[in-house]
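Chemist: Please find one structure pasted underneath; my questions will follow.
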Amino acid sequence: MKKSWLIIALSNFFIAAMMGFMLRLSFVTPIDLNYVFLTHGHSHTAMLGWVYLMLYLLIIQNFLSTEKREQPIYSRLFWITQISVVGMMISFPLQGYALFSIIFSTLHIFCSYFFCYKIWKEHQTHSYYDGILLKAALIFMLVSTLGIWCLGLAGATGTKNTALYQSAIQFFLHFQFNGWFLFAVIALFINQFHEFTLGIDQRKFNYFITLLILATVLTLGLPLNWYYPHPLLYWLNTIGVLLQLITLIIAGWHIKKRSLLHIRQLPTVAKWLLVLGSFSLTLKIVMQCLTIWPEMAAASHHIRNFTIGFIHLIMLGVINSCLFLFMYKTPYLNFLKSKADISGIVIFITGFILTELLLFLQGMLYFLGNGMIPNYHLILLVASLLLPLGLLFIIVGNVQTKKIKI
(Lines of atoms letter the chains of each structure in order from A; the text may use other names.)
(Lines give C-alpha, C1' and ligand atoms only; values in the text may rest on other atoms or scores of the structure.)
Protein backbone atom coordinates (compact mmCIF):
# COMPACT_ATOMS: atom_id res chain seq x y z
CA MET A 190 0.00 0.00 0.00
CA LYS A 191 1.43 3.38 -0.99
CA LYS A 192 0.80 6.90 0.14
CA SER A 193 -0.22 7.67 -3.44
CA TRP A 194 -3.41 5.72 -2.69
CA LEU A 195 -4.25 8.24 0.01
CA ILE A 196 -3.71 11.08 -2.48
CA ILE A 197 -6.08 9.34 -4.89
CA ALA A 198 -8.79 8.95 -2.23
CA LEU A 199 -8.40 12.61 -1.23
CA SER A 200 -8.58 13.62 -4.90
CA ASN A 201 -11.84 11.69 -5.25
CA PHE A 202 -13.14 13.61 -2.23
CA PHE A 203 -12.06 16.92 -3.78
CA ILE A 204 -13.91 16.09 -7.01
CA ALA A 205 -17.02 15.12 -5.02
CA ALA A 206 -16.79 18.43 -3.14
CA MET A 207 -16.52 20.34 -6.43
CA MET A 208 -19.60 18.51 -7.69
CA GLY A 209 -21.38 19.62 -4.51
CA PHE A 210 -20.24 23.19 -5.19
CA MET A 211 -21.68 22.97 -8.72
CA LEU A 212 -24.98 21.77 -7.29
CA ARG A 213 -25.09 24.85 -5.04
CA LEU A 214 -24.04 27.06 -7.98
CA SER A 215 -27.07 25.88 -9.97
CA PHE A 216 -29.32 27.72 -7.49
CA VAL A 217 -27.44 30.99 -8.06
CA THR A 218 -26.95 30.94 -11.83
CA PRO A 219 -28.14 28.61 -14.61
CA ILE A 220 -25.61 25.92 -15.56
CA ASP A 221 -25.84 23.38 -18.36
CA LEU A 222 -25.91 20.29 -16.14
CA ASN A 223 -28.59 17.82 -15.12
CA TYR A 224 -29.08 18.45 -11.39
CA VAL A 225 -30.30 14.93 -10.58
CA PHE A 226 -27.52 13.26 -12.57
CA LEU A 227 -24.88 15.45 -10.92
CA THR A 228 -26.35 14.62 -7.50
CA HIS A 229 -25.85 10.92 -8.25
CA GLY A 230 -22.26 11.58 -9.29
CA HIS A 231 -21.61 13.66 -6.17
CA SER A 232 -23.00 11.09 -3.75
CA HIS A 233 -21.38 8.05 -5.37
CA THR A 234 -17.97 9.71 -5.62
CA ALA A 235 -18.09 10.88 -1.99
CA MET A 236 -19.34 7.58 -0.56
CA LEU A 237 -17.44 5.10 -2.70
CA GLY A 238 -14.46 7.12 -3.88
CA TRP A 239 -13.61 8.68 -0.53
CA VAL A 240 -15.20 6.96 2.48
CA TYR A 241 -15.12 3.41 1.08
CA LEU A 242 -11.54 3.71 -0.19
CA MET A 243 -10.30 5.29 3.05
CA LEU A 244 -11.92 2.52 5.07
CA TYR A 245 -10.32 0.05 2.65
CA LEU A 246 -6.86 1.56 3.29
CA LEU A 247 -7.29 1.90 7.05
CA ILE A 248 -8.71 -1.59 7.53
CA ILE A 249 -5.90 -3.14 5.51
CA GLN A 250 -3.34 -1.16 7.49
CA ASN A 251 -4.78 -1.84 10.95
CA PHE A 252 -6.38 -5.28 10.68
CA LEU A 253 -3.92 -7.22 8.52
CA SER A 254 -0.42 -8.46 9.31
CA THR A 255 2.46 -6.97 7.31
CA GLU A 256 2.75 -10.19 5.31
CA LYS A 257 -0.94 -10.22 4.42
CA ARG A 258 -1.29 -6.57 3.43
CA GLU A 259 1.74 -6.79 1.13
CA GLN A 260 -0.04 -9.38 -1.03
CA PRO A 261 -0.38 -8.06 -4.62
CA ILE A 262 -4.11 -8.81 -4.57
CA TYR A 263 -4.83 -5.79 -2.35
CA SER A 264 -3.02 -3.46 -4.76
CA ARG A 265 -4.88 -4.90 -7.74
CA LEU A 266 -8.19 -4.71 -5.91
CA PHE A 267 -7.55 -1.07 -5.02
CA TRP A 268 -6.93 -0.12 -8.65
CA ILE A 269 -9.93 -2.04 -9.97
CA THR A 270 -12.08 -0.34 -7.33
CA GLN A 271 -10.66 3.06 -8.31
CA ILE A 272 -11.45 2.34 -11.98
CA SER A 273 -15.06 1.69 -10.97
CA VAL A 274 -15.10 4.98 -9.01
CA VAL A 275 -13.75 6.97 -11.98
CA GLY A 276 -16.33 5.28 -14.20
CA MET A 277 -19.15 6.34 -11.86
CA MET A 278 -17.61 9.80 -11.46
CA ILE A 279 -17.92 10.33 -15.23
CA SER A 280 -21.02 8.33 -16.16
CA PHE A 281 -23.44 9.41 -13.42
CA PRO A 282 -23.25 13.17 -14.15
CA LEU A 283 -23.63 12.48 -17.88
CA GLN A 284 -26.42 9.89 -17.91
CA GLY A 285 -27.66 9.16 -14.39
CA TYR A 286 -28.68 5.55 -13.77
CA ALA A 287 -28.02 4.04 -17.21
CA LEU A 288 -25.89 1.37 -18.86
CA PHE A 289 -22.37 2.55 -18.05
CA SER A 290 -23.10 3.84 -14.55
CA ILE A 291 -24.78 0.54 -13.71
CA ILE A 292 -21.79 -1.41 -15.11
CA PHE A 293 -19.32 0.54 -12.96
CA SER A 294 -21.60 0.36 -9.90
CA THR A 295 -21.84 -3.40 -10.32
CA LEU A 296 -18.06 -3.66 -10.65
CA HIS A 297 -17.68 -1.76 -7.37
CA ILE A 298 -20.14 -4.07 -5.62
CA PHE A 299 -18.23 -7.17 -6.70
CA CYS A 300 -14.96 -5.55 -5.58
CA SER A 301 -16.54 -4.87 -2.18
CA TYR A 302 -17.70 -8.49 -1.93
CA PHE A 303 -14.18 -9.75 -2.59
CA PHE A 304 -12.73 -7.24 -0.11
CA CYS A 305 -15.22 -8.41 2.51
CA TYR A 306 -14.27 -12.04 1.90
CA LYS A 307 -10.52 -11.35 2.15
CA ILE A 308 -10.75 -9.23 5.30
CA TRP A 309 -13.10 -11.67 7.03
CA LYS A 310 -10.69 -14.50 6.28
CA GLU A 311 -7.37 -12.77 7.02
CA HIS A 312 -8.00 -10.05 9.60
CA GLN A 313 -6.16 -9.91 12.92
CA THR A 314 -7.39 -7.77 15.80
CA HIS A 315 -5.92 -6.20 18.91
CA SER A 316 -8.91 -7.27 20.97
CA TYR A 317 -12.24 -9.04 20.94
CA TYR A 318 -14.04 -5.70 20.72
CA ASP A 319 -12.68 -4.26 17.48
CA GLY A 320 -12.99 -7.69 15.84
CA ILE A 321 -16.72 -7.93 16.58
CA LEU A 322 -17.33 -4.39 15.34
CA LEU A 323 -15.34 -5.01 12.15
CA LYS A 324 -17.38 -8.13 11.37
CA ALA A 325 -20.62 -6.25 12.03
CA ALA A 326 -19.47 -3.49 9.67
CA LEU A 327 -18.69 -5.98 6.89
CA ILE A 328 -22.06 -7.68 7.33
CA PHE A 329 -23.85 -4.33 7.10
CA MET A 330 -21.90 -3.58 3.93
CA LEU A 331 -23.13 -6.81 2.37
CA VAL A 332 -26.70 -6.23 3.55
CA SER A 333 -26.75 -2.68 2.14
CA THR A 334 -26.05 -3.95 -1.38
CA LEU A 335 -29.40 -5.77 -1.39
CA GLY A 336 -30.91 -2.33 -1.95
CA ILE A 337 -28.80 -1.86 -5.09
CA TRP A 338 -29.89 -5.21 -6.52
CA CYS A 339 -33.50 -4.21 -5.87
CA LEU A 340 -32.88 -1.01 -7.85
CA GLY A 341 -31.74 -3.10 -10.79
CA LEU A 342 -34.83 -5.26 -10.48
CA ALA A 343 -37.06 -2.18 -10.33
CA GLY A 344 -35.43 -0.77 -13.45
CA ALA A 345 -35.81 -4.06 -15.33
CA THR A 346 -39.51 -4.36 -14.41
CA GLY A 347 -40.36 -0.74 -15.20
CA THR A 348 -41.12 0.24 -11.60
CA LYS A 349 -38.70 3.17 -11.34
CA ASN A 350 -39.80 6.13 -9.19
CA THR A 351 -42.22 3.94 -7.25
CA ALA A 352 -42.34 3.52 -3.47
CA LEU A 353 -40.42 0.24 -3.87
CA TYR A 354 -37.68 1.95 -5.87
CA GLN A 355 -37.30 4.80 -3.36
CA SER A 356 -37.35 2.36 -0.44
CA ALA A 357 -34.52 0.37 -2.03
CA ILE A 358 -32.43 3.56 -2.23
CA GLN A 359 -33.13 4.35 1.43
CA PHE A 360 -32.29 0.76 2.42
CA PHE A 361 -28.89 1.05 0.75
CA LEU A 362 -28.12 4.48 2.21
CA HIS A 363 -29.28 3.56 5.72
CA PHE A 364 -27.10 0.48 6.04
CA GLN A 365 -24.15 2.19 4.34
CA PHE A 366 -24.15 5.24 6.63
CA ASN A 367 -25.47 3.82 9.89
CA GLY A 368 -24.14 0.30 9.39
CA TRP A 369 -21.02 -0.23 7.31
CA PHE A 370 -19.47 3.26 7.66
CA LEU A 371 -20.33 3.90 11.31
CA PHE A 372 -19.45 0.43 12.62
CA ALA A 373 -16.17 0.43 10.66
CA VAL A 374 -15.27 3.82 12.14
CA ILE A 375 -16.03 2.60 15.68
CA ALA A 376 -13.94 -0.55 15.05
CA LEU A 377 -11.02 1.58 13.87
CA PHE A 378 -11.45 3.94 16.82
CA ILE A 379 -11.20 1.07 19.30
CA ASN A 380 -8.28 -0.37 17.33
CA GLN A 381 -6.32 2.89 17.45
CA PHE A 382 -7.48 4.08 20.88
CA HIS A 383 -7.59 0.63 22.48
CA GLU A 384 -6.87 2.08 25.92
CA PHE A 385 -10.53 3.16 26.03
CA THR A 386 -11.61 -0.49 26.13
CA LEU A 387 -9.44 -1.43 29.11
CA GLY A 388 -11.54 -2.90 31.88
CA ILE A 389 -14.63 -3.46 29.72
CA ASP A 390 -16.45 -6.64 30.66
CA GLN A 391 -16.90 -8.80 27.55
CA ARG A 392 -20.44 -9.78 28.52
CA LYS A 393 -21.46 -6.14 28.96
CA PHE A 394 -19.87 -5.27 25.63
CA ASN A 395 -21.95 -7.98 23.96
CA TYR A 396 -25.08 -6.34 25.38
CA PHE A 397 -23.88 -2.98 24.08
CA ILE A 398 -23.16 -4.20 20.55
CA THR A 399 -26.48 -6.08 20.46
CA LEU A 400 -28.35 -2.88 21.37
CA LEU A 401 -26.42 -0.92 18.74
CA ILE A 402 -27.15 -3.45 15.99
CA LEU A 403 -30.83 -3.59 16.95
CA ALA A 404 -31.01 0.21 16.93
CA THR A 405 -29.44 0.31 13.46
CA VAL A 406 -31.91 -2.19 12.05
CA LEU A 407 -34.99 -0.70 13.73
CA THR A 408 -34.29 2.90 12.67
CA LEU A 409 -34.75 1.77 9.07
CA GLY A 410 -38.42 2.15 10.02
CA LEU A 411 -38.25 5.94 9.51
CA PRO A 412 -37.31 6.05 5.79
CA LEU A 413 -39.60 3.09 5.07
CA ASN A 414 -42.45 4.93 6.79
CA TRP A 415 -42.03 7.78 4.31
CA TYR A 416 -43.16 5.51 1.47
CA TYR A 417 -45.23 2.91 3.32
CA PRO A 418 -46.90 4.81 6.20
CA HIS A 419 -47.81 2.39 8.98
CA PRO A 420 -47.93 2.64 12.80
CA LEU A 421 -45.67 -0.42 13.12
CA LEU A 422 -42.83 1.30 11.23
CA TYR A 423 -43.26 4.40 13.38
CA TRP A 424 -42.94 2.36 16.58
CA LEU A 425 -39.99 0.38 15.27
CA ASN A 426 -38.15 3.64 14.58
CA THR A 427 -39.12 4.99 18.01
CA ILE A 428 -37.70 1.93 19.75
CA GLY A 429 -34.59 2.12 17.55
CA VAL A 430 -33.78 5.76 18.33
CA LEU A 431 -34.30 5.17 22.07
CA LEU A 432 -31.94 2.17 21.96
CA GLN A 433 -29.46 4.32 20.07
CA LEU A 434 -29.69 6.99 22.77
CA ILE A 435 -29.03 4.37 25.45
CA THR A 436 -25.91 3.14 23.62
CA LEU A 437 -24.66 6.74 23.33
CA ILE A 438 -25.09 7.30 27.07
CA ILE A 439 -23.34 4.01 27.90
CA ALA A 440 -20.41 4.73 25.56
CA GLY A 441 -20.11 8.34 26.71
CA TRP A 442 -20.12 7.37 30.38
CA HIS A 443 -17.41 4.75 29.87
CA ILE A 444 -15.14 6.87 27.68
CA LYS A 445 -15.43 9.92 29.93
CA LYS A 446 -13.86 7.99 32.81
CA ARG A 447 -10.63 7.32 30.94
CA SER A 448 -10.44 9.80 28.07
CA LEU A 449 -9.09 13.06 29.50
CA LEU A 450 -5.46 11.92 29.81
CA HIS A 451 -5.35 10.50 26.27
CA ILE A 452 -7.15 13.48 24.73
CA ARG A 453 -4.68 15.91 26.31
CA GLN A 454 -1.85 14.14 24.48
CA LEU A 455 -3.37 14.91 21.06
CA PRO A 456 -2.33 18.04 19.12
CA THR A 457 -4.88 20.85 18.97
CA VAL A 458 -6.24 20.08 15.49
CA ALA A 459 -6.61 16.37 16.33
CA LYS A 460 -8.57 17.37 19.45
CA TRP A 461 -10.85 19.47 17.27
CA LEU A 462 -11.47 16.48 15.01
CA LEU A 463 -12.26 14.25 17.99
CA VAL A 464 -14.59 16.83 19.53
CA LEU A 465 -16.29 17.53 16.19
CA GLY A 466 -16.81 13.83 15.51
CA SER A 467 -18.19 13.21 19.02
CA PHE A 468 -20.46 16.25 18.92
CA SER A 469 -21.74 15.36 15.43
CA LEU A 470 -22.53 11.80 16.54
CA THR A 471 -24.40 13.10 19.59
CA LEU A 472 -26.31 15.62 17.46
CA LYS A 473 -27.16 12.90 14.92
CA ILE A 474 -28.73 10.73 17.62
CA VAL A 475 -30.58 13.67 19.19
CA MET A 476 -32.02 14.58 15.78
CA GLN A 477 -33.13 11.00 15.24
CA CYS A 478 -34.85 11.13 18.62
CA LEU A 479 -36.82 14.16 17.39
CA THR A 480 -38.40 11.97 14.71
CA ILE A 481 -40.46 10.37 17.49
CA TRP A 482 -42.75 13.36 16.90
CA PRO A 483 -44.72 12.68 13.68
CA GLU A 484 -44.38 16.30 12.50
CA MET A 485 -40.59 16.10 12.65
CA ALA A 486 -40.59 12.66 11.03
CA ALA A 487 -42.51 14.10 8.08
CA ALA A 488 -40.31 17.22 7.94
CA SER A 489 -37.16 15.08 7.83
CA HIS A 490 -38.36 13.81 4.46
CA HIS A 491 -40.24 16.75 2.95
CA ILE A 492 -37.79 19.54 3.85
CA ARG A 493 -34.73 18.88 1.72
CA ASN A 494 -32.50 21.10 3.86
CA PHE A 495 -33.00 18.71 6.79
CA THR A 496 -32.25 15.68 4.60
CA ILE A 497 -29.05 17.10 3.10
CA GLY A 498 -27.94 18.58 6.42
CA PHE A 499 -28.42 15.26 8.20
CA ILE A 500 -26.53 13.29 5.54
CA HIS A 501 -23.65 15.77 5.70
CA LEU A 502 -23.72 15.64 9.49
CA ILE A 503 -23.02 11.90 9.32
CA MET A 504 -20.63 11.98 6.36
CA LEU A 505 -18.61 15.11 7.10
CA GLY A 506 -19.17 15.50 10.82
CA VAL A 507 -18.96 11.94 12.14
CA ILE A 508 -17.29 9.77 9.51
CA ASN A 509 -14.95 12.29 7.93
CA SER A 510 -13.68 13.72 11.23
CA CYS A 511 -12.79 10.20 12.33
CA LEU A 512 -11.08 9.38 9.03
CA PHE A 513 -8.89 12.47 9.35
CA LEU A 514 -8.16 11.54 12.97
CA PHE A 515 -7.15 8.00 11.95
CA MET A 516 -4.88 9.48 9.28
CA TYR A 517 -3.14 11.43 12.04
CA LYS A 518 -2.87 8.27 14.18
CA THR A 519 -1.08 6.50 11.31
CA PRO A 520 2.45 7.84 11.96
CA TYR A 521 4.05 7.18 8.57
CA LEU A 522 1.41 9.30 6.80
CA ASN A 523 2.85 12.39 8.51
CA PHE A 524 -0.66 13.87 8.51
CA LEU A 525 -1.11 17.18 10.36
CA LYS A 526 2.65 17.66 10.26
CA SER A 527 2.60 20.46 7.67
CA LYS A 528 1.06 23.95 7.68
CA ALA A 529 -0.90 23.05 4.54
CA ASP A 530 -2.53 20.06 6.29
CA ILE A 531 -3.48 22.09 9.34
CA SER A 532 -4.75 25.04 7.28
CA GLY A 533 -6.77 22.65 5.12
CA ILE A 534 -8.41 21.02 8.13
CA VAL A 535 -9.29 24.42 9.64
CA ILE A 536 -10.76 25.67 6.35
CA PHE A 537 -12.69 22.43 5.81
CA ILE A 538 -14.14 22.37 9.34
CA THR A 539 -15.15 26.04 9.00
CA GLY A 540 -16.93 25.29 5.73
CA PHE A 541 -18.67 22.27 7.23
CA ILE A 542 -19.94 24.18 10.28
CA LEU A 543 -21.13 27.17 8.22
CA THR A 544 -22.98 25.04 5.65
CA GLU A 545 -24.62 22.93 8.36
CA LEU A 546 -25.78 26.03 10.24
CA LEU A 547 -27.22 27.49 7.05
CA LEU A 548 -28.94 24.26 5.98
CA PHE A 549 -30.59 23.59 9.34
CA LEU A 550 -31.48 27.25 10.01
CA GLN A 551 -33.15 27.58 6.62
CA GLY A 552 -34.83 24.21 7.11
CA MET A 553 -36.23 25.38 10.43
CA LEU A 554 -37.52 28.57 8.79
CA TYR A 555 -39.29 26.44 6.17
CA PHE A 556 -40.72 24.26 8.95
CA LEU A 557 -42.06 27.31 10.80
CA GLY A 558 -43.27 28.97 7.59
CA ASN A 559 -41.02 32.02 8.03
CA GLY A 560 -39.59 32.35 4.52
CA MET A 561 -35.94 32.44 3.46
CA ILE A 562 -32.69 33.90 4.73
CA PRO A 563 -31.77 36.90 2.50
CA ASN A 564 -29.32 35.79 -0.23
CA TYR A 565 -29.43 32.28 1.25
CA HIS A 566 -28.24 30.41 -1.85
CA LEU A 567 -25.38 32.85 -2.50
CA ILE A 568 -24.17 32.67 1.12
CA LEU A 569 -24.43 28.86 1.05
CA LEU A 570 -22.45 28.81 -2.21
CA VAL A 571 -19.61 30.86 -0.70
CA ALA A 572 -19.54 28.70 2.45
CA SER A 573 -19.53 25.54 0.30
CA LEU A 574 -16.41 26.72 -1.53
CA LEU A 575 -14.46 26.30 1.71
CA LEU A 576 -14.89 22.50 1.53
CA PRO A 577 -12.99 21.84 -1.74
CA LEU A 578 -10.56 24.65 -0.84
CA GLY A 579 -9.71 22.94 2.45
CA LEU A 580 -9.29 19.60 0.68
CA LEU A 581 -6.97 21.20 -1.88
CA PHE A 582 -4.71 22.40 0.95
CA ILE A 583 -4.75 18.90 2.49
CA ILE A 584 -3.84 17.28 -0.84
CA VAL A 585 -0.98 19.74 -1.38
CA GLY A 586 0.25 19.08 2.16
CA ASN A 587 0.26 15.33 1.59
CA VAL A 588 1.95 15.60 -1.81
CA GLN A 589 4.72 17.69 -0.25
CA THR A 590 5.45 15.22 2.55
CA LYS A 591 7.93 12.41 2.01
CA LYS A 592 6.57 9.49 0.01
CA ILE A 593 6.34 6.59 2.45
CA LYS A 594 5.19 3.03 1.94
CA ILE A 595 2.40 2.06 4.30
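Residue 190 is where the sequence shown starts when you use my numbering, and the numbers rise one by one after that.
Cβ atoms here follow ideal geometry from the backbone N, Cα and C, with glycine treated the same way.
Specify, as a first and last residue, the run of the alpha helix (DSSP H) that Pro563 falls within.
Modeler: As a first step, residue 563 is located in the sequence shown; it is residue number 374 there, counting from the start. Element bounds for Pro563: n/a, residue is neither H nor E.
Chemist: Determine contact between the stretch 349-364 and the stretch 414-421, defined as no fewer than three beta-carbon pairs at a distance below 8 Å.
Modeler: yes
Chemist: Glu256 lies in the alpha helix (DSSP H); which residues open and close that run?
Modeler: Along the sequence shown, one-based indexing puts residue 256 at 67. First-last of the alpha helix (DSSP H) with Glu256: 255-258.
Chemist: Alpha carbons only, please: which of Phe499, Gln477, Leu455 is nearest the one belonging to Gly410?
Modeler: Along the sequence shown, one-based indexing puts residue 410 at 221. Here the closest residue by C-alpha is Gln477.
Chemist: Can you name, in chain order, every residue of its own chain whose Cβ lies under 7 Å from the Cβ of Phe364, other than the five neighbours on each side?
Modeler: Against the sequence shown, residue 364 aligns to sequence position 175. Hits under 7 Å: Phe329, Val332, Ser333.
Chemist: Take Gln391 and list the residues in its own chain whose beta-carbon comes closer than 7 Å to its own, dropping the five residues that flank it on each side.
Modeler: Mapped onto the sequence shown, residue 391 falls at position 202. Within the same chain, Gln391 has close Cβ partners Tyr317.
Chemist: Under a Cβ-count criterion, where at least 16 other Cβ atoms within 10 Å of its own Cβ denotes burial, should Glu545 be classed as buried or exposed?
Modeler: Reading the sequence shown from its first residue, position 356 is the one you call residue 545. That one is buried.
Chemist: In whole angstroms, what is the alpha-carbon distance linking Phe210 and Tyr286?
Modeler: Translated into positions along the sequence shown, residue 210 becomes position 21. Translated into positions along the sequence shown, residue 286 becomes position 97. Their backbone Cα atoms lie some 21 Å apart in a straight line.
Chemist: For Phe289, which of helix, strand or coil comes out of DSSP?
Modeler: The residue you call residue 289 lines up with position 100 of the sequence shown. In the three-state DSSP reduction, Phe289 falls in the helix class (H, G or I).
Chemist: I need the straight-line Cα distance from Gln381 to Tyr263, nearest angstrom please.
Modeler: Counted from its first residue, the sequence shown places residue 381 at position 192. Counted from its first residue, the sequence shown places residue 263 at position 74. About 22 Å.
Chemist: Taking the C-alpha atoms as reference points, what is the distance between Ser489 and Ile474?
Modeler: By 1-based counting over the sequence shown, the position of residue 489 is 300. By 1-based counting over the sequence shown, the position of residue 474 is 285. Cα-Cα distance, rounded: 14 Å.
Chemist: Do Ile337 and Ile298 have their beta-carbon atoms positioned less than 9 Å apart in this structure?
Modeler: The residue you call residue 298 lines up with position 109 of the sequence shown. The residue you call residue 337 lines up with position 148 of the sequence shown. Cβ distance < 9 Å, so Ile298 and Ile337 count as in contact.
Chemist: Please list the terminal residues of the continuous alpha helix (DSSP H) segment that includes Gly533.
Modeler: Indexing the sequence shown from 1 puts residue 533 at position 344. Start and end: 528-557.
Chemist: Contact between the stretch 217-234 and the stretch 480-496 is defined here as three or more beta-carbon pairs at a separation below 8 Å; is this criterion met?
Modeler: no
Chemist: Below 9 Å between beta carbons: does that hold for Phe582 and Gly533?
Modeler: Locating residue 582 in the sequence shown gives position 393, counting from the first residue. Locating residue 533 in the sequence shown gives position 344, counting from the first residue. Cβ atoms of Phe582 and Gly533: closer than 9 Å.
Chemist: Pick out whichever of Gly586, Asn587, His566, Leu578 has its Cα sitting closest to the Cα of Pro219.
Modeler: Here residue 219 corresponds to residue number 30 of the sequence shown, with the count starting at 1. Ranking the options by Cα distance to Pro219, first place goes to His566.
Chemist: Buried or exposed: where does Trp194 fall if 16 or more other Cβ atoms within 10 Å of its Cβ makes it buried?
Modeler: Position 5 of the sequence shown, counted from the first residue, corresponds to residue 194. That one is buried.
Chemist: What residue does the alpha helix (DSSP H) around Val374 start on, and which one ends it?
Modeler: Numbered from 1 along the sequence shown, position 185 holds the residue referred to as residue 374. Residues 371-381.
Chemist: At what residues does the alpha helix (DSSP H) containing Leu502 begin and finish?
Modeler: Residue 502 sits at position 313 when you count from the first residue of the sequence shown. No alpha helix (DSSP H) holds Leu502; DSSP gives it neither H nor E.
Chemist: I'd like to check one pair, Asn509 with Thr590: are the Cβ atoms closer than 9 Å?
Modeler: In the sequence shown, counting from the first residue as 1, residue 590 sits at position 401. In the sequence shown, counting from the first residue as 1, residue 509 sits at position 320. Going by C-beta atoms, Thr590 is not nearer than 9 Å to Asn509.
Chemist: Among residues of its own chain, excluding the 5 on either side of Phe366, which ones have a beta-carbon nearer than 6 Å to its beta-carbon?
Modeler: Taking the first residue of the sequence shown as 1, we reach residue 366 at position 177. Counting only residues of its own chain and dropping the five nearest sequence neighbours on each side, Phe366 has a CB closer than 6 Å to the CB of Ile503.
Chemist: Any idea what DSSP makes of Ser333, helix, strand or coil?
Modeler: As a first step, residue 333 is located in the sequence shown; it is residue number 144 there, counting from the start. It is helical.
Chemist: Please work out which residues of its chain come closer than 8 Å, Cβ to Cβ, to Lys460, disregarding the five sequence neighbours upstream and downstream, and give them in chain order.
Modeler: Position 271 of the sequence shown, counted from the first residue, corresponds to residue 460. Correct list, in chain order: Ile452.
Chemist: So which of Gly506, Asn587, Phe499 has the shortest CA-CA distance to Val464?
Modeler: Along the sequence shown, read from residue 1 onward, the residue named residue 464 stands at position 275. Nearest option by C-alpha distance: Gly506.
Chemist: Taking a contact to mean a Cβ-Cβ separation below 9 Å, would you say Leu470 touches Leu514 in this structure?
Modeler: Residue 470 sits at position 281 when you count from the first residue of the sequence shown. Residue 514 sits at position 325 when you count from the first residue of the sequence shown. For Leu470 and Leu514, no; Cβs fall outside 9 Å.
Chemist: Put Gln454 into one of helix, strand or coil per three-state DSSP.
Modeler: For the purposes of this step, residue 454 is identified with residue 265 of the sequence shown, where counting begins at 1. Residue state, collapsed to three classes: coil.
Chemist: If you run the structure through DSSP and keep just helix, strand and coil, what is His233?
Modeler: Position 44 of the sequence shown, counted from the first residue, corresponds to residue 233. Looking at His233 - three-state DSSP - the assignment turns out to be helix.
Chemist: Excluding the five sequence neighbours on either side, which residues of its own chain have a C-beta within less than 6 Å of the C-beta of Met485, listed in chain order?
Modeler: Position 296 of the sequence shown, counted from the start, is the residue given in the question as residue 485. Once the five neighbours on either side are set aside, the close Cβ partners of Met485 are Leu479.
Chemist: Taking the alpha helix (DSSP H) that Thr405 falls in, what are its first and last residues?
Modeler: Translated into the one-based positions of the sequence shown, residue 405 becomes position 216. Per DSSP, Thr405 belongs to the alpha helix (DSSP H) from 391-407.
Chemist: Using beta-carbon positions only, say whether Phe216 and Leu570 come within less than 9 Å of one another.
Modeler: Taking the sequence shown and counting its residues from 1, the one referred to as residue 216 is at position 27. Taking the sequence shown and counting its residues from 1, the one referred to as residue 570 is at position 381. Yes. Within cutoff.
Chemist: Just the Cα atoms here: how many angstroms apart are Phe304 and Phe468?
Modeler: Here residue 304 corresponds to residue number 115 of the sequence shown, with the count starting at 1. Here residue 468 corresponds to residue number 279 of the sequence shown, with the count starting at 1. Each residue's Cα considered, the two are about 31 Å apart.
Chemist: Count the other CB atoms, across all protein chains shown, that sit within 10 Å of the CB of Leu525; report buried if there are 16 or more and exposed otherwise.
Modeler: Position 336 of the sequence shown, counting from 1, holds the residue named residue 525. With 16 or more other Cβ atoms within 10 Å, it is buried.
Chemist: Runs of 4 residues minimum, wholly inside the stretch 460-502: which ones carry the alpha helix (DSSP H) assignment?
Modeler: 483-491, 493-501
Chemist: Can you tell me whether Asn509 is helix, strand or coil according to DSSP?
Modeler: Taking the first residue of the sequence shown as 1, we reach residue 509 at position 320. Three-state DSSP puts Asn509 in a helix.
Chemist: Alpha carbon to alpha carbon, how far is Ala214 from His501?
Modeler: As a first step, residue 214 must be located in the sequence shown, where it is residue number 25. As a first step, residue 501 must be located in the sequence shown, where it is residue number 312. Just to set this straight, residue 214 is Leu in the shown sequence, not Ala. About 18 Å.
Chemist: Check each candidate in Ala404, Leu403, Leu425, Ile402 and name the one with the smallest Cα separation from Leu413.
Modeler: The sequence position of residue 413 within the sequence shown is 224, counting from 1. The candidate whose alpha carbon is nearest that of Leu413 is Leu425.
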